[in-house]
Each structure stands twice: as structure tokens, then as C-alpha cells.
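See below for the structure under consideration.
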Amino acid sequence: MEKNEIKKLENLKKLIAPYFNPQKPYADKTRSYYTAQIKLSNYYELGSTITNMLKMCILALEQQEHKISETDQYSSINVMLILEMVLEMFPLDEFEVFDEINKMCLADS
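Taken in order, the sequence shown gives residues 2 to 110; the numbers are from my numbering.
What follows is the structure, given as C-alpha cells:
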């Protein structure tokens with residue numbers, strides 16, 4: 002590796018140190034998991050799980066929509082709209098990058 006690349010890597014490690022704690026996988030007989038109160042194989046799966054939960058909430062609210070009267074619909078908070086916006090803003094691609102950074106940090110330790 003070039004000297005400049007090594008310096009960039011060292012700077013990246015210093016930058017992420019306070020925010021990113023590389024997780025060592027918890028291994029069972031078949032595969033490795035990263036623990037965040039539930040067993041996940043990587044950050045991307047965590048992101049996918051969260052987005053699927055949001056989608057489930059949106060679908061549940063769509064099923065309940067017909068029960069809301071016209072007057073209540075305009076005076077209440079539109080939770081379905083908020084969940085849809087959160088889903089659009091969710092950085093799923095960045096979770097893939099976190100996986101790669103985690104692999105790099107684990108390889109160096």
C-alpha cells in the first residue's frame with residue numbers, strides 16, 4: 002500500500018473510532034451473526050429487517066384506513082405518510098458500506 006493510502010486508512014480509523022465499534026461475529030455451527038438484541042448476519046440484514054418492519058406498519062395502517070372517518074382523517078397525524086417517508090430516507094446502501102468497513106477492521110485486528 003502506498004504511504005498516502007496508509008495515511009488515509011489511519012485517518013479513517015481515527016474518524017470512525019468514536020462512532021463505530023466493530024462487532025466480532027458470534028459463531029454457531031452453521032454461520033456467523035452480529036448481535037443487536039436479535040441475531041443478524043450483517044448490517045445489511047439489520048437494515049432490511051428495519052425496512053421490512055416499516056413496510057409491515059404501512060400495510061397495517063392501509064388496512065385500518067377504511068375505519069377512520071373523514072373528520073378524523075384530516076385532524077389526526079398521518080402515520081402512514083410518515084412511515085413511508087422514513088422508509089424512503091432509510092440508508093440501506095450505507096449498511097452495505099458498514100459491512101465492508103467492519104470486515105476491514107476485523108481483518109486488521
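Backbone N, C-alpha and C fix where the C-beta goes; we use that ideal spot for every residue, glycine too.
In terms of alpha-carbon separation, which member of C106, T31, E85 and E97 lies closest to A61? The shortest Cα separation from A61 among C106, T31, E85 and E97 belongs to E85.
Cutoff 7 Å; reference D100; Cβ partners in own chain excluding five residues on either side: N43, Y44 and Y45
Do L55 and L88 have their CB atoms nearer than 8 Å? yes
When burial is assigned at 16 or more other CB atoms within 10 Å of the CB, is N53 buried or exposed? Exposed, by the Cβ-count rule.
Given a cut-off of 8 Å, decide if I17 and I83 are closer than it, judged by their beta-carbon atoms. Cβ distance not < 8 Å, so I83 and I17 don't count as in contact.
Just how far apart, CA to CA, sit L13 and F96? 17 Å
Residue interval of the alpha helix (DSSP H) (run including D29): Taken as a continuous stretch (DSSP letters only), D29 belongs to no alpha helix (DSSP H), as it is neither H nor E.
Mind checking which residues open and close the alpha helix (DSSP H) that includes N43? That residue, N43, is in no alpha helix (DSSP H); it is neither H nor E in DSSP.
Hey, M90 and E63 are a contact pair by Cβ (cut 8 Å); roughly how many whole angstroms apart? For a cut-off of 8 Å, the C-beta gap from M90 to E63 is around 20 Å, too long to register as a contact.
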